[in-house]
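Please read the structure below before turning to the comments.
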Amino acid sequence: MMRKRKGYTVYPLTNAQKFHLYYLNFCPKKQVVNIGNSLTIQTEIDWEVLKQSIYIAYERCESMRLRFAKDKEGTYYQYVVDKEERDIEFVDFSGQTMEEAEATMRKWTEVPFKREDAPQNRVVMIKTPDGFNGVYLLVDHLTMDAQSIICFLKDIIEIYCSQKYEGIPYPKEMASYIEQLKKDLAYEAGCKAKDRDEEYFKKLIESSEPIYNGIDGTKKLDEERAKSKNPKARAAKNVSDSVDAELDIFHLEGEPTKRLMDFCEKYHVSLVCLLLMGLRTYFQKTNGNDDVSINTAIARRATLSEKKSGGTRIHSFPFRTIIPETKTFLEGIYEIRDKQNEMFRYANYNPVSYFSHRTQVYNTAPGCTYEPMSLTYQPMTLKEKGLDKLGDIKYKTKWYPNGATTQAMYLTVMHRPEDNGLDFNFEHQIKAVSREQLEYLYYYLCKIMFKGTENPNLPIGDIIKLI
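Numbering (the working numbering), first residue to last: 85 to 551.
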């Protein structure tokens, strides 16, 4: 192992980073790890000050200066360079339509980064046709996740505002990526906590085999049973032979969103519990199984240094619940909450180890899975985190699809800045899941969540009948 590269200390990759490499290997389209988004505000911008603010934000965020290289064995490692010296581009879209501007940014999002010794992000200052100005940001998922992206963008805007407007404080320091990385690598090298986490997940996996639930019923599972001549098969193949992806977004208005949030506050549960309850009840309804598994993303940002150190910290695990229809909606939600809290305690475990152990135990055929989809809820918005000091300056955020996914269906739920309503972002393989299927799922998901939150003591079976 080389200890230094270009004079910088090098470090191995973390499990969270290896997880991205793991599916990247199967994916012919290397932009699958790209995340593109924009943040714009409705005000004139001093572009020179913005450019300086971006450079300062780079200085404050080590994971935005990450580089990768390979050793002789072909293993990747990482190092952080001292400063970012690239010129920050400026693009003026004002002579175009919003559709044209967004199509260009989508194209940018589909360009993979050169992997070795090269920057893993791109920042462009943009002037958009709707009178908003700001930045487009493209990052490689091995270096940043949604939460660190929001942190970085917020940092740029707060540095800018503190320089341009009186009375807006300079943002507090970021945390060190390298210090956090050292903690993660110490865990991965082996410790009591790691042994405990491994024991928990192995026990969970070995307790019993899950069963696949399809978006429109048991068709995929029936096909797998016929193909393998095993009428008891419980896993199915849900991806298509093409990784080409589309992003379909459904909007829930501010007022109904508030009703869901009020319910969560009243019963002391997070919105992710309610979303999981809605989704699992939908699959229970369409497949007739009480046993439902969905992949969920765990952010692993409990401490302040984890929250502010950037990087990618997401571990994704299957979340399985067996909840009979005789239980009430609220009992189901509490069961999900307790199980989530339990899982969080062990979530530093390596997801790749999880999946390989499960494959061994149940001898699942290549490409087969028990989870029809993945869910991520992104609670963090710019508003609650300090941008409310701008008075009534409006701002917008937008995420751009990269055109590829290795999963059949990935749902990310986040809040809209304008009205705090929810956006349901379905990224899906075009050949695996159609927009019509998503509309159907979304329609029933909302019906279940509203019927359940209005009648929390109704049995799940009754809710399924009523919708």
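Heads up, the beta-carbon is just placed ideally off N, CA and C, and yes, glycines get one too.
Around the C-beta of residue 164, are 16 or more other C-beta atoms found within 10 angstroms, so that it is buried, or is it exposed?
buried
Three-way DSSP call (helix, strand, coil) for residue 97 in this model:
coil
Can you tell me whether residue 477 is buried or exposed? The criterion is at least 16 other CB atoms within 10 Å of its CB, across all chains shown.
exposed
Identify, in the order they occur along the chain, each residue of the same chain with its Cβ nearer than 7 Å to the Cβ of residue 96, setting aside the five sequence neighbours on each side.
Excluding positions up to five away in sequence, the list reads 161 and 269.
Roughly how many angstroms separate the alpha carbons of residue 431 and residue 441, rounded to a whole number?
16 Å
State the Cα-Cα distance for the pair residue 278 and residue 263, rounded to the nearest angstrom.
19 Å
Which complete alpha helix (DSSP H) runs does the stretch 258-284 hold, if anything under 4 residues is left out?
Within the stretch 258-284, the runs of alpha helix (DSSP H) at least 4 residues long that lie entirely inside it are, in chain order, 261-273.
For residue 149 and residue 171, the rounded distance between their alpha carbons:
14 Å
So, residue 544 versus residue 413, is the Cβ gap smaller than 8 Å?
yes
Do you know whose CA, among 246, 247 and 191, lies nearest residue 222's CA?
191
Just list the beta strand (DSSP E) runs in the stretch 374-422, keeping only unbroken ones of 3 residues or longer that don't cross its boundaries, in chain order.
If you keep only unbroken beta strand (DSSP E) runs of at least 3 residues inside the stretch 374-422, you get 375-382 and 399-406.
Compute the distance between the beta-carbons of residue 497 and residue 461, then report whether it is under 8 Å.
In this structure, residue 461 lies closer than 8 Å to residue 497 by Cβ.
For residue 226, which option in 324, 119, 189 and 186 has the closest C-alpha, if you only look at C-alpha atoms?
119
Does residue 399 pass the burial test, meaning 16 or more other C-beta atoms within 10 Å, or should it be called exposed?
buried
Counterpart residues of residue 151 in DSSP-defined beta bridges:
163
Rounded Cβ spacing between residue 435 and residue 103 (contact assumed at less than 8 Å):
Indeed, because the Cβ distance is near 5 Å, the residues count as touching under 8 Å.
DSSP-derived helix/strand/coil call for residue 457:
coil
Presumed contact (8 Å Cβ cut-off) between residue 259 and residue 393, rounded CB distance:
4 Å
Which residue's Cα is closest to the Cα of residue 206: 437, 236, 374 and 216?
236
At which residues does the alpha helix (DSSP H) containing residue 536 begin and terminate?
519-538
DSSP puts residue 498 in a beta bridge; with which residues?
According to DSSP, residue 498 bridges with 462 and 507.
Cβ-Cβ distance between residue 360 and residue 378 below 8 Å:
yes
Is it the case that the Cβ atoms of residue 521 and residue 306 are separated by a distance below 8 Å?
no
Just curious, the alpha helix (DSSP H) that residue 361 is in, first and last residue?
355-371
Given a threshold of 16 other Cβ atoms within 10 Å of its Cβ, counted over all protein chains shown, does residue 201 qualify as buried or as exposed?
So residue 201 ends up on the exposed side.
Selection from 217, 100, 447 and 145 that minimises the alpha carbon distance to residue 122
217
Quick check: what's the CA-CA separation for residue 51 versus residue 196?
Because the chain is modelled from 85 through 551, residue 51 falls outside the range shown and cannot be assessed.
Check whether the stretch 415-429 touches the stretch 319-329, counting contact only when three or more Cβ pairs, one atom from each stretch, lie closer than 8 Å.
no
Please report the straight-line C-alpha distance between residue 390 and residue 383, rounded to a whole angstrom.
10 Å
With 16 other Cβ atoms within 10 Å as the buried cut-off, status of residue 495:
buried
According to DSSP, is residue 224 helix, strand or coil?
strand
Can the beta-carbon of residue 320 be found less than 8 Å from the beta-carbon of residue 296?
yes
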